[in-house]
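Number of protein chains: 2
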Amino acid sequence: MGLSEAAITGGFWGTRQQVNAAATLAHCHHWLERAGWTGNFRHAVTGALPEARQGREFSDSEVYKLLEALVWEAARQTDADRKAELEAVCDQLSATVAAAQEADGYLNTQFGRHGQQPRYSDMEWGHELYCFGHLIQAGVAQLRTRGDGLVARTAIRAADHVCATFGADNPAICGHPEIEVALAELARATGEPRYLEQARLFVERRGHRTLADIEFGRQYYQDDVPVRDAEVLRGHAVRALYLAAGATDVAVETGDTELLAAIERQWEATVARRTYITGGMGAHHRDESFGEDFVLPADRAYAETCAGVASIMLSWRLLLATGKSQYADLMERTLYNVIAASTAEDGRSFFYTNTLHQRTAGTVPASDELIPRAESSLRAPWFAVSCCPTNVARTLAVLPAYLASTSADGIQIHQYAPARIEAEPVPGAGRVTLSLHTDYPYDGRIRVVVDTAAAPGQVWTLSMRVPDWVGSRTAWLVEPDGTRRTVRPGTVHVEHAFTSGDEIVLELPDSPRFVAPDPRLDAVRGCVAVERGPLVYCAESVDLPDDGDVAEILVDPQASPPRSDGHTVRVAAALVGHTDADWPFEPEDSAHSRQPTTLGGLTLVPYYTWANRGPATMRVWLPTI
Amino acid sequence: MGLSEAAITGGFWGTRQQVNAAATLAHCHHWLERAGWTGNFRHAVTGALPEARQGREFSDSEVYKLLEALVWEAARQTDADRKAELEAVCDQLSATVAAAQEADGYLNTQFGRHGQQPRYSDMEWGHELYCFGHLIQAGVAQLRTRGDGLVARTAIRAADHVCATFGADNPAICGHPEIEVALAELARATGEPRYLEQARLFVERRGHRTLADIEFGRQYYQDDVPVRDAEVLRGHAVRALYLAAGATDVAVETGDTELLAAIERQWEATVARRTYITGGMGAHHRDESFGEDFVLPADRAYAETCAGVASIMLSWRLLLATGKSQYADLMERTLYNVIAASTAEDGRSFFYTNTLHQRTAGTVPASDELIPRAESSLRAPWFAVSCCPTNVARTLAVLPAYLASTSADGIQIHQYAPARIEAEPVPGAGRVTLSLHTDYPYDGRIRVVVDTAAAPGQVWTLSMRVPDWVGSRTAWLVEPDGTRRTVRPGTVHVEHAFTSGDEIVLELPDSPRFVAPDPRLDAVRGCVAVERGPLVYCAESVDLPDDGDVAEILVDPQASPPRSDGHTVRVAAALVGHTDADWPFEPEDSAHSRQPTTLGGLTLVPYYTWANRGPATMRVWLPTI
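Shown next, in the form of structure tokens:
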């Protein structure tokens with residue numbers, strides 16, 4: 077749904093959008109300047125490259141992702157001054173970028189100049205098409221919001237260059253997928269089929285082992301198995317998810333049901349066996365990759381923030397393609413427990429990885445320090461590889477687009493937030509405005525009010541997601557006539573000739589609950605987690621008495637159910653002191669002694685809030701007594 | 077103890093020494109030729125470098141480690157023809173190496189020529205001093221066995237070059253420790269204090285942040301904290317252990333008790349919290365490094381074979397320095413469960429990493445394929461980074477040296493194997509010969525016979541290790557006069573005027589036992605392992621009915637103790653079928669259904685034998701019912 081059709085008006089995500097607009101965008105811009113990554117484009121114009129170049133080979137893409145975020149944010153703004161201000165920043169940054177574009181549309185500060193490697197001489201690691209992908213996505217954002225502009229024109233010239241260079245005669249693909257989804261989006265935004273065809277070529281070419289066999293194996297960049305033959309997502313998580321998103325677009329636009337079914341199958345296998353309870357994907361630190369089935373260590377969870385962004389992109393496309401609520405369920409889980417977790421309350425520091433178990437309290441990073449990406453004890457202002465902050469910024473700016481969709485017979489609401497939706501539920505029926513009222517996720521009641529109805533007597537269907545996390549508990553729907561009925565997880569439909577003032581209320585069970593892992597998840601055997609609505613909770617050492625450590629916690633799920641206490645949750649628990657041994661493996665019959673001390677109750681906090689109160693140990697999975 | 081003083085005469089390690097001599101040495105030599113790593117030295121002479129160079133920057137070191145193995149093996153051989161044959165291979169290979177040495181003693185096929193990087197221009201990754209370290213260790217082996225030879229002379233020239241280049245005015249250290257331990261050994265073997273002083277300089281310089289701050293952090297190469305200030309081993313495991321071994325040598329030779337105490341403290345913290353039950357060290361795949369305390373995932377255990385070799389080198393030095401049996405205990409555990417596991421029965425394929433949990437049965441590697449090092453489903457004939465095969469080869473060849481030691485008042489036996497030991501227990505008392513008779517590790521009875529006594533009436537002390545794995549069970553010592561007494565883990569001493577024919581018998585409890593992990597070892601919570609003597613056992617899917625998977629196993633330690641069945645062990649167990657869910661995290665009260673099928677009993681095999689029967693799933697840690 078376009079940003080002119082949906083807006084978040086407050087609540088959990090409203091706050092985050094405000095912080096993103098007020099702090100994160102400027103913070104990213106500041107660091108891009110400071111790190112010299114915007115400067116690279118200026119140096120390209122003055123001929124100071126390669127000597128003056130700063131940053132990694134993919135640093136151009138961060139500028140493009142910020143551009144995309146600026147474009148979405150400007151479109152979202154209702155304050156004219158603020159909108160103009162954002163557009164001015166965007167135009168200035170666009171001009172910097174566009175000035176470096178070469179006559180044939182090529183644009184990259186790392187390749188092609190005297191003293192640099194030639195263009196496309198390193199398809200494995202060069203990231204040239206990856207960078208174009210992000211440029212094109214920024215351009216698409218501009219086409220969809222302002223209709224035209226310098227970003228869009230630069231992106232189209234780049235896309236034309238890509239089509240001219242990588243047509244049917246050139247078997248090359250990029251080591252980092254992203255161009256596929258971008259070209260497919262550009263085809264939709266412009267109506268030009270050649271971009272879709274180029275996206276299709278890139279999708280079909282992958283998996284035929286044209287990229288080099290690196291130490292991580294060709295599965296790292298999904299060049300091991302053709303996309304339509306794969307059974308599960310594998311290799312580098314962000315690469316796998318961007319590729320799957322692009323393949324979904326290609327499948328939908330070309331009517332390739334086999335390809336769509338393949339991606340659905342891969343998504344299902346990945347969610348059933350390779351996804352953290354937070355929605356985080358990509359377990360391994362070594363190569364930022366998915367592990368084998370059920371390899372989901374809590375303490376070494378990589379769960380890169382960008383993989384969360386990419387997972388949302390993929391699930392959104394599958395949701396639109398199929399209407400299945402499972403895709404919106406995973407989007408919700410990932411939004412609340414990866415995206416919301418990654419950014420600090422002030423919007424100026426970030427997690428790159430999102431561990432589920434912090435064993436040692438870290439130290440506060442200096443505010444001007446570039447942090448290696450895998451550090452994760454506290455959020456950091458910027459990273460040497462800093463893909464995540466701009467990725468979250470663009471996601472938050474465009475978030476209202478994920479709230480709802482329209483189809484031939486109505487409006488589907490997928491995510492719950494205080495919001496305003498204006499759309500035509502049935503072609504020709506005229507525009508309807510709906511407002512959503514809720515304190516979700518802390519309150520399970522969502523009220524949808526029809527503020528402006530369609531043409532009198534026009535019947536249409538309002539669909540709402542009943543989240544999978546409801547499980548076997550009771551959820552209720554209250555129809556406009558006051559009828560209450562229980563609803564099950566999935567999608568609930570209300571077909572009605574809605575009139576202004578009609579209300580539909582969804583009541584979801586919002587009490588917290590214990591959750592247990594599949595027994596094949598060895599890393600968290602004998603543990604439970606606590607969830608409340610879509611939120612995952614965690615224990616943080618700052619909530620323990622006497623500088624306790626989360627390693628000492630034992631919870632007792634049999635004693636009492638978890639109960640809400642404001643935004644926190646309390647559970648019955650004990651603390652156990654550990655005795656150090658010379659050797660940590662003892663005969664089973666002389667078991668490791670434990671002398672638990674009962675706590676009145678242990679406070680758990682929403683996972684997304686962790687590490688906002690200084691260095692601490694933290695764990696999501698809590699061993700049981 | 078020198079190889080002229082101790083010999084293994086059969087049994088578990090006798091077999092492995094024979095296979096090493098008959099198969100592994102030639103196998104390594106073949107692959108070094110085939111991979112072009114020996115050819116690099118020839119190309120250095122003909123001027124074909126750098127174009128013709130093959131292999132990684134540290135490939136020279138593999139040739140040196142093979143040389144060291146050949147030297148030890150030749151010394152060990154009692155068959156004159158075989159000894160001459162090995163010496164001839166060694167001399168030929170030495171000549172190839174020595175021919176490439178430059179006038180000032182420098183020797184490296186990767187650096188310093190036209191078209192190559194200058195000498196010592198990449199201290200972080202160049203491995204030049206690391207390579208010298210292995211050359212010098214080979215030279216020391218020759219000094220200690222033949223007294224002189226081309227390897228020794230080449231090594232001494234190299235060592236002199238290192239001393240001339242890296243003296244007090246040059247603050248540089250090598251990114252990979254190894255030169256430290258090598259120079260200290262050379263100082264002992266030659267009596268030249270300048271080599272010790274250079275080793276001391278290298279040890280003291282490390283930890284002062286002179287190497288670059290790489291993505292893995294300076295702890296990767298232990299340049300984060302000075303050696304004497306560190307609390308625990310950290311960073312790249314092989315680097316950390318080689319450095320600690322060198323620091324121990326320096327501490328002992330210079331009387332630096334503070335430094336020795338620091339290494340002891342680091343060893344103890346590492347063994348208590350960062351070591352696998354197998355003795356394996358280094359949990360992380362990402363950088364082959366130690367993890368934080370208690371991060372010991374079974375399925376992602378890296379536990380590099382070379383870290384096992386390095387751990388044995390360190391513990392041996394600490395054992396000699398302190399006499400504490402804990403060091404011999406860890407050596408034993410590592411020998412049986414890392415070193416013995418890494419090499420296939422035929423001595424021609426190897427594990428680089430030693431996982432404790434194989435989730436998917438792998439495929440048989442082609443016999444002529446270079447395998448990435450971290451693959452671990454089946455042993456591979458060679459690796460692109462192939463440090464482990466030659467490291468194991470040199471360790472097996474010199475293994476008798478680790479059996480026993482002498483001190484001022486007697487002989488200390490540290491490891492148990494059928495063996496012959498000839499040594500002077502007390503200065504001036506004349507040589508004693510002892511024979512050890514045992515089927516260890518499958519039989520706990522060890523009989524030591526005094527074949528040749530010392531001077532009549534000469535009292536001396538025979539010390540024997542009572543392994544820590546005995547725990548609280550009863551072990552017996554039978555003295556020469558037939559007196560039986562119970563003994564506790566540690567060291568038992570028999571002070572006696574031994575005469576020829578005297579026997580001392582140690583009887584250790586050799587029944588298998590269940591072992592439980594410290595509760596902080598989250599990765600194996602709710603599991604037990606099975607040990608028997610120093611051997612760790614595992615379940616392998618080939619022993620399950622109907623192509624079972626080890627993921628289905630639940631053991632019942634309460635039902636009955638494990639019992640021996642030949643070399644295997646049987647435990648009470650059930651198989652449980654798993655039901656796939658769309659999402660692997662369910663409400664705790666609707667728990668994941670399990671319908672166990674009782675097995676008559678589950679067969680476990682010694683961990684070192686796994687993967688000898690084709691692709692299989694395997695696990696050491698077994699979930700309990």
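Protein chains in written order, with our numbering: chain A, 77 to 701; chain B, 77 to 701. Think of the CB as a built atom: it goes at the ideal place given N, C-alpha and C, for glycine as much as any other residue. In this text the structure is predicted, and so the values were computed from the model without any measurement.
Check the Cβ of residue i against every Cβ in chain B and list those closer than 7 Å, keeping chain order.
i, result
"residue 375 of chain A", "371 and 598"
Mapping DSSP to helix, strand and coil, what is residue i?
i, result
"residue 77 of chain B", "coil"
"residue 637 of chain A", "coil"
"residue 389 of chain B", "helix"
"residue 697 of chain B", "coil"
"residue 361 of chain B", "coil"
"residue 427 of chain A", "coil"
"residue 600 of chain B", "helix"
"residue 770 of chain B", "The requested residue 770 of chain B does not occur in the structure, where chain B is confined to residues 77 to 701."
"residue 55 of chain B", "The requested residue 55 of chain B is not part of the displayed model; chain B covers only 77 to 701."
"residue 493 of chain B", "coil"
Which residues mark the beginning and the end of the beta strand (DSSP E) in which residue i is found?
i, result
"residue 403 of chain B", "From DSSP, residue 403 of chain B is part of no beta strand (DSSP E) but of the alpha helix (DSSP H) over 401–410."
"residue 643 of chain A", "That residue, residue 643 of chain A, is in no beta strand (DSSP E); it is neither H nor E in DSSP."
"residue 489 of chain A", "486–489"
"residue 569 of chain B", "566–572"
"residue 312 of chain B", "From DSSP, residue 312 of chain B is part of no beta strand (DSSP E); its letter is neither H nor E."
Between which two residues does the alpha helix (DSSP H) carrying residue i extend?
i, result
"residue 264 of chain A", "255–266"
"residue 90 of chain A", "87–95"
"residue 121 of chain A", "115–122"
"residue 167 of chain B", "156–175"
"residue 270 of chain B", "269–281"
Have a look at the options and flag the residue whose alpha-carbon is nearest the alpha-carbon of residue i.
i, options, result
"residue 389 of chain B", "B:328, B:320, B:457 and B:143", "B:320"
"residue 361 of chain A", "A:431, A:239, A:318 and A:557", "A:431"
"residue 191 of chain A", "A:152, A:144, A:123 and A:148", "A:123"
"residue 412 of chain A", "A:121, A:600, A:682 and A:208", "A:682"
"residue 240 of chain A", "A:219, A:277 and A:252", "A:277"
"residue 463 of chain A", "A:503, A:275, A:193 and A:418", "A:418"
"residue 255 of chain A", "A:82, A:325 and A:198", "A:325"
"residue 152 of chain B", "B:218, B:139, B:173 and B:207", "B:218"
"residue 651 of chain B", "A:250, A:596, A:446 and A:134", "A:596"
"residue 270 of chain A", "A:244, A:504, A:426 and A:206", "A:244"
"residue 260 of chain A", "A:227, A:216 and A:297", "A:216"
"residue 110 of chain B", "B:125, B:86, B:139 and B:93", "B:139"
What residues from chain A crowd round residue i, counting only those whose CB sits closer than 8 Å?
i, result
"residue 604 of chain B", "664"
"residue 402 of chain B", "658"
"residue 353 of chain B", "661"
Against residue i, what residues of chain B qualify as contacts under a CB-to-CB distance less than 8 Å, listed in chain order?
i, result
"residue 435 of chain A", "368, 369, 370 and 371"
"residue 590 of chain A", "663, 664 and 665"
Using 8 Å for Cβ pairs, my map puts residue i next to residue j. What's the rounded Cβ distance?
i, j, result
"residue 113 of chain B", "residue 90 of chain B", "With a Cβ gap of about 30 Å, residue 113 of chain B and residue 90 of chain B do not count as contacting."
"residue 639 of chain A", "residue 583 of chain A", "Incorrect: roughly 19 Å between the Cβ atoms, too far for contact."
"residue 341 of chain A", "residue 370 of chain A", "Going by Cβ atoms, the distance from residue 341 of chain A to residue 370 of chain A rounds to 18 Å, so no, they are not a contact pair."
"residue 487 of chain A", "residue 501 of chain A", "5 Å"
"residue 337 of chain A", "residue 380 of chain A", "Not a contact, Cβ separation roughly 27 Å."
"residue 476 of chain A", "residue 83 of chain A", "5 Å"
"residue 546 of chain A", "residue 565 of chain A", "5 Å"
"residue 576 of chain B", "residue 529 of chain B", "5 Å"
Would you mind telling me which residues of chain A sit closer than 9 Å to residue i, beta carbon to beta carbon, in chain order?
i, result
"residue 384 of chain B", "None at all; the shortest Cβ gap to chain A is about 17 Å."
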